Amino acid sequence: MFENANCSINFKLYHSVMVYQMDPGQAKLSEKLMILNDRAKGMLTRIYNIKKACSEQKSKPSFLSDKSLESAIKHIVKKFPIVDTRSNMSTFNHANAIKDDIIKNLSLYYYTFADLLDLKDHIMQLLTLMDACQCQLDITINHELTASYLNLVATLVSLMWLLSRVDDRKAVLGLFNAAYDLNHGQSEPSFPRLGQMIIDYDNPFKKLQEDLGPLNRLMLSALQSLASVYTRRNVTGDMWRKHQILSLTSSPSQMMYAAQTETITCEYLSLDVMDRWIILCTLVCPTHMLGDTTVSTLWGQSLHMGLSLRIFRDEVMMIHPTAQSILDNIKGLSKKAAELKEMASIAMNDCVSIHADRRRFLRCSLREMTTILKEQPGLLGPKILFVWMALSFARDEIIWLLRHLESWPASSKKNALKGEDLLDRQLPELIHYVLELRDLVMKYSSVVHNYHLQYVNGYDCHILSELMCSLSGQMGETEGMIMTDLLRDLSSLSVDTDLAAMRLDWFRLQAAWAMSNSCFSISSNRKLTVAMNASMFHLKMIDHLEETVRETSDLSIYCFYSRQMEIQWKTCIEMPIQCRFALSFARLCSHFRDSLHDLCPEEKNHIIEKSLALCNSVLDEMARATITVVDRLAEYELRLAEQTTPSHVASTIALQMARVKLDESGGKKKGVVNEMRMAGEESVRVDRVNMSLADKLQNNLVELCCGLSSVSSLIVSDHIFCPREYLSQQLESLLFDLISRAMTASPSGGTTPSPPSTPRRPSQLLLIVQAYMAVFQNMDSAMTIDMTRIFNRTLLQQTQPQDVRGRETITSLYTKWYLEVMLRRASNGLILYSQHMRQMISATQSLTPEVSFLPEQYTDPHELRALVLLIGPYGVKFLSERLAWHVASQIGELNKVVLENREVLHRARTQFDHPEEMKKVYEMLCKLPKDQKNGTSAADAIMQRMVIIGEIFSFRHSVSSALKDVLDKRLPYLTATFRNLRESLSQDALPLLSEMGSSLGESVPLDSALVSAIRTQSVQMQADEHYLASCLLMIGVAVCLPRLAVAPLSCYRPLVRVSLNNCHCLPLAVVTVSSALFFLHGKEDSHLRMREFIAISSSSILRMCKEDSSREDAILPPILPIILDQIVNGSPFVSHDELSTCFPYDLVLTSYRSSYQHELGTA
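Counting in numbering that gives the first Met the number 0, the sequence shown runs from 0 upward without gaps.
Laid out in structure tokens, this is it:
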């Protein structure tokens, strides 16, 4: 230790002797300052990450938590830095067993501290060299040299302070050295000095005062030069307003002139950086600094403006307690220590309001500047200095607020400010304008580049040439050559000129002229330095623009205040007047990458992932907030739409009639509970002062949409985020959810209650969907978004059985309900199908537990057209296929019955012209099975299943008619083209168009969906066997047709064209099933089979008439001839002429007449 101290003293003496003999170029102060500043920043990043890792249980080295190493670690910490592993082998037994793993895992930590020791030595050597050279530092003259020096000192202090706050630093270093000793037989070479540094800097400021105290002269001169700059910057918002400090329009006559000052490089110097210089330099040299009036004044101003100081990222130092603890231990500074308490009280009371006023001023100034520069981007050339000043001022205030929100001290006083009281709800607006100015500068960088390129060529080089001529002979030979080369390069400036080399040459000249042995006095030739500083600033605007943007407006610090960032963006989204600026927080995530350093590559992935996650969270939160507003607007729009529905109008009329009756009777209006509201009242208003809920929601929606559409895409860490896509996805999801909620919700405004399992009427659901779509389409007025794509993706999925998430759709819901509820009730005789009204009607006049809904409300043409509009042709096709599948299942069951009675039906087929044989066949089919109790005869089974098939096809025919009506209105040219094509084809070719016709709702001779379903379900049967079963099935239907006559519910009501057991649906079943079955077998004998059917059915009906003719009251049931007539009407394979050959048509006419007479007589 003493040896190191002697070396340091000898080093200083050597430099003090050799300084006057040293060539300024040999010192290389500029190069060393640049390299060491960069390396110190990287080392600060590494120490910061080590501190964070050791402070968290999950990320700290696992060895520190190993129970078997606990005794060794305690021994190391207690004896640090002297650890004798050989004398305590029992303590280090386990460490010896895993020494290789310890070295491998702790080497990164250990050698980082070793690098810090090496860096500290180099920094101290450079600072000592500059002090020995008696450099003259002035921030207004040699700006780069002075700023680099102060930055290096502040970074050194920050490094040592941060080192003292690393948890388990002794344990990590001692454990690594112990493992190294056990492995190599000796300590790690740098450990003695490294251990001593750890001990020395347990109290960092005490040791730093010893190291940097002798160098106080340079620090004092550097801080004294800050006085004019800092005093001008550290003022209130009122002073800024009074002097119109950032206004581009304060002097309209000078708007086109370039902004110039003698301290142009200091105008946008960060106030936060200057505070660090002042406070940290004062704390390491308190006696000398506070003894100077100028620095003491700067110290007081700085302490009045805040309570905490940024050390690095989110590591802050509480200024007043730290300074108090330092000054209390120094003799002669007791008065200054006493003043600290007063300063702390003033800062606690005043700094919040001062900074809030500054932010208010900056919001207005940046808004004005952004507006002007957007309209006149050419002003970026001459007025770019104003932009850097505005960005730097705003960044300082944002960082100050962010730092103090986290570090504001808790107080037990009643009216004391709390940390959450500091939150500025308008901060997002300030951030927004900062980002807008950044984007404007980068967008119009060519404007700035070209302007300053011409400015340097046209002005700077001439001024510098004149000054050089007046100073010829005053400079040294080397400095004169560098200056001559600089002027030559400036006069021939082009795109290919290396401007970074020119700036480095100027830095070298500043270092050379600042040394005491220089023959050229930089302070005496202020005009030259001012002109050179201005020229270097102009050169930065040519090739260093992006770096200057980062320097003045980098907000990557938000990466380390993610909790505050989340609070701020959520608060912003909740405020309607600020929510348009919420996207600024997502844009901030692109800054996070700027906090990385090459010396710490291991944190790159973590920071990039964090920036992507936060950006995604902000965009997702904004989209969800927008969706919430859209959801509420949709509910409001739905209420308005429901006011125009017939049910609401009916209730309004009823309420009005009740009022009239009460008025006429002179009674009190006790029965009228609610005030009647007419549709459209919401549009009546006197002024816009009192905003309705809809107005507020609409304004909020516009603000959110403006925020999301402010940028088309965000680039964050090489990832592209599109805010509109987030909203599009959320809108799709919302529309899915709205439709899902609306499908099964109880219909509002209806007079008939519905159980939860009953879906809404299609017309009501269509009204709801249209109301939602109106709200979505209204968003086009706020932002450009592809609503057509959203509607297509969402509503087209509703035409499929499942959406992309596997959820139930409108198509699947209504298909399931019509099949499992509506048609099942119809098969039980509770619901009837009216051919006249083309809808299902209830068999009773009132609701029952079995039928808790009115079928007319779900199957009338208006409702089915609404259903078609909802599910489209795809949904209708799916519904038709499901119906066909059920029909095919019924046909499969019929085939089983037919095959069981194959012999009987074969006799009927061959002997249908023998009445006695047909009678036996009929009786055999009507016979109940002996082995089944409460069983059903074959004839009843055939008729029941055929009637069910007829009900299904009747309902499907209504749906197809609704589809045809909708397509005729929506696509008239397409439907007309199909009809022309159908008319131009021969009758034999028409089956080829069956699938196309079914998709258009047109009537076709063949049901392709049924053919496909039958083919699929009959793959196990042989073709010949299946053909025979099909033929016998038609024979069985024909033979069993008279069975309907004995059913008491077979009464036909011609006015509504319905029978009480739906047997009037049988003709459609016969025609559709026969055409599908015989087309499937490809024998082209459909005509023959239908003629056979007509012959056998006519024979069966006439036989029954003959058998009953002996009774006087015998009357032919009208339903049978009517069914026979409707079969002929619906079939393309038989005609009335063919019917007349086997059945008297007079009987058909008589049946119709008797049915009408019976219904009229009953009525």
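Virtual Cβ for every residue (Gly too), placed ideally from N, Cα, C.
All values reported here derive from a predicted model rather than from experimental measurement.
Here's the rule I'm using: 16 or more other beta-carbon atoms within 10 Å means buried, otherwise exposed. How should Asp-167 be labelled?
With 16 or more other Cβ atoms inside 10 Å of its own Cβ, Asp-167 counts as buried.
Answer with buried or exposed for Val-440, where buried requires no fewer than 16 other C-beta atoms within 10 angstroms of its C-beta.
Val-440 is buried by the Cβ-count criterion.
Distance between beta carbons of Val-1038 and Ile-1118, contact taken as under 8 Å:
Going by Cβ atoms, the distance from Ile-1118 to Val-1038 rounds to 17 Å, so no, they are not a contact pair.
So, Thr-369 versus Glu-428, is the Cβ gap smaller than 8 Å?
Against a cut-off of 8 Å, the Cβ pair of Glu-428 and Thr-369 comes out as no contact.
Just tell me which of Ala-781, Phe-790, Ile-784 has its CA closest to the CA of Gln-769.
For Gln-769, the closest of Ala-781, Phe-790, Ile-784 by C-alpha to C-alpha distance is Phe-790.
Which residue comes first and which comes last in the alpha helix (DSSP H) that contains His-905?
Bounds of the alpha helix (DSSP H) holding His-905 are 901–909.
Under 8 Å, do Glu-620 and Lys-569 count as touching if we go by C-beta distance?
Yes; because the gap between Cβ atoms is below 8 Å, this pair is in contact.
Which residue comes first and which comes last in the alpha helix (DSSP H) that contains Ser-993?
Residues 993–998.
Using DSSP with H/G/I as helix, E/B as strand and the rest coil, what is Leu-831?
In the structure shown, Leu-831 sits in a strand (DSSP, three-state: E or B).
Where His-718 falls: helix, strand or coil (DSSP):
Here His-718 sits in strand by DSSP.
C-alpha gap between Val-1147 and Leu-966, whole angstroms
The alpha-carbon atoms of Val-1147 and Leu-966 are separated by roughly 36 Å.
Determine, using beta-carbon pairs with one atom in the region 489–507 and one in the region 528–537, whether at least three such pairs fall under 8 Å.
Contact holds: three or more Cβ-Cβ distances are below 8 Å.
Measure the alpha-carbon distance for Arg-275 versus Arg-309 and round it to whole angstroms.
Between Arg-275 and Arg-309, the C-alpha separation is close to 7 Å.
Using CA coordinates, which residue listed in Leu-1031, Ser-64, Ser-471 is at the minimum distance from Val-896?
Minimum Cα distance to Val-896 is reached at Leu-1031.
So, do the region 592–601 and the region 37–57 have three or more beta carbon pairs nearer to each other than 8 Å?
Contact holds: three or more Cβ-Cβ distances are below 8 Å.
State the beta-bridge partners of Gln-838 as determined by DSSP.
As DSSP reads the structure, Gln-838 sits in a beta bridge with Ser-833.
On the CB-based measure, 16 or more other CB atoms within 10 Å of its CB, does Pro-1120 come out buried or exposed?
So Pro-1120 ends up on the buried side.
Using DSSP bridges, identify the partner residues of Val-1057.
Answer is Arg-1052, bridged to Val-1057.
Provide the residue span of the alpha helix (DSSP H) that contains Leu-924, from first to last.
914–925 is the span of the alpha helix (DSSP H), which, as asked, contains Leu-924.
What three-state label does DSSP hand Gln-796 in the structure shown?
Residue state, collapsed to three classes: helix.
Quick one: Cα of Leu-829 to Cα of Val-1055, how far?
Put simply, the backbone Cα of Leu-829 is about 16 Å away from that of Val-1055.
Determine the contact status of Cys-132 and Ala-52, defining contact as a CB-CB distance below 8 Å.
No. Outside cutoff.
Would the region 940–960 and the region 866–886 be scored as touching if the rule is three or more Cβ pairs under 8 Å?
Taking 8 Å as the limit for Cβ pairs, the verdict is that the region 866–886 does touch the region 940–960.
How close, in whole Å, do the beta carbons of Leu-737 and Ala-633 come, if the pair is a contact with beta carbons under 8 Å?
The beta-carbon separation of Leu-737 and Ala-633, rounded to 6 Å, stays under the 8 Å limit for a contact.
Round the Cβ separation of Ser-583 and His-431 to the nearest angstrom and send it over; I've been treating them as touching at under 8 Å.
Confirmed, Cβ separation roughly 4 Å.
Could you give the DSSP three-state label for Met-159: helix, strand or coil?
In the three-state reduction of the DSSP assignment, Met-159 falls in the helix class, which pools H, G and I.
How big is the Cα-Cα spacing for Asp-1084 and Met-1020?
Here the C-alpha atom of Asp-1084 lies approximately 20 Å from the C-alpha atom of Met-1020.
For Leu-618 and Phe-720, believed in contact at Cβ under 8 Å, the rounded distance
Confirmed, Cβ separation roughly 6 Å.
Among Leu-1027, Gln-834, Lys-926, which has the Cα closest to the Cα of Arg-1052?
Gln-834 is the residue among Leu-1027, Gln-834, Lys-926 whose C-alpha sits nearest the C-alpha of Arg-1052.
Would you tell me roughly how many angstroms separate the C-alpha atoms of Ser-1007 and Ala-975, rounded to the nearest one?
Ser-1007 and Ala-975 have their C-alpha atoms some 21 Å from each other.
DSSP three-state assignment for Ile-481, whether helix, strand or coil:
Here DSSP, grouped into helix, strand and coil, assigns Ile-481 to helix.
Since I believe Met-159 is in contact with Pro-203 (beta carbons under 8 Å), could you give me their beta-carbon distance rounded to a whole number of angstroms?
At roughly 4 Å, the Cβ-Cβ gap stays under 8 Å, so Pro-203 and Met-159 are in contact.
For Arg-316, write down the residues that DSSP places opposite it in a beta bridge.
Just to set this straight, residue 316 is Met in the shown sequence, not Arg. Met-316 is bridged to Leu-308.
According to DSSP, Gln-801 sits in a beta bridge with which residue or residues?
Beta-bridge pairing links Gln-801 to Glu-807.
Where the alpha helix (DSSP H) containing Glu-396 begins and where it ends:
Residue range 383–406 is occupied by the alpha helix (DSSP H) that includes Glu-396.
Inter-stretch contact (C-beta, 8 Å, three-pair minimum) for the region 101–117 and the region 167–186
By the C-beta criterion, the region 101–117 is judged to be in contact with the region 167–186, since at least 3 inter-stretch pairs fall below 8 Å.
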